[in-house]
Amino acid sequence: VVAHNGVWAGVAVSTLVGHYSLRRYDYKTKLILLPFIAYGGSWLGRFLANGVTGRWSEWGRDRALGELPPKAYFEK
162 VVAHNGVWAG
172 VAVSTLVGHY
182 SLRRYDYKTK
192 LILLPFIAYG
202 GSWLGRFLAN
212 GVTGRWSEWG
222 RDRALGELPP
232 KAYFEK
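Residue 171 in our numbering is what sits at position 10 of the sequence shown, and the numbering runs on without skipping anything.
Right under this line is the structure:
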């Protein structure tokens, strides 16, 4: 869930950098390219956020067990 913040950061940063890189081009070029740049930035942001939050070091079993609902104990 924390990696989703990286997605939005990647979209924002890649769009701003792409817009700056295309500053000398016509607006039509920006309208065509910026959605693709933002999509690529979302993947890059997710990739970097997974590395920062440590999702690369956990096993698939740990991730599956972490998504299970908690066991509830009831006392009378």
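Don't be surprised by glycine CBs; every beta carbon is placed ideally from N, CA and C.
Quick test of your reading: residue i and residue j, contact by CB under 8 Å. State the CB separation rounded to the nearest angstrom.
{"i": "SER175", "j": "ILE198", "result": "5 Å"}
{"i": "LEU195", "j": "GLY179", "result": "6 Å"}
Exercise. Is it true that the segment 167 to 179 meets the segment 197 to 212, where meeting means three or more beta-carbon pairs spaced less than 8 Å apart?
Worked result: Two segments are said to touch when three or more pairs of C-beta atoms, one from each, lie closer than 8 Å; by this definition the segment 167 to 179 touches the segment 197 to 212.
For this session: Specify whether the segment 193 to 205 and the segment 168 to 182 touch according to this definition: at least 3 beta carbon pairs, one from each stretch, less than 8 Å apart.
Result: Contact between the segment 193 to 205 and the segment 168 to 182 is present: 3 or more CB-CB pairs across the two stretches fall below 8 Å.
Exercise. What are the start and end residues of each continuous alpha helix (DSSP H) run of 4 or more residues lying completely inside the segment 177 to 203, in chain order?
Worked result: When DSSP assignments are scanned along the segment 177 to 203, no uninterrupted stretch of alpha helix (DSSP H) that is 4 or more residues long falls wholly within it.
Exercise. At which residue ranges does the segment 202 to 231 contain complete alpha helix (DSSP H) runs of 4 or more residues, listed in the order of the chain?
Worked result: Secondary structure remark: continuous alpha helix (DSSP H) runs of at least 4 residues inside the segment 202 to 231, in chain order: 221 to 227.
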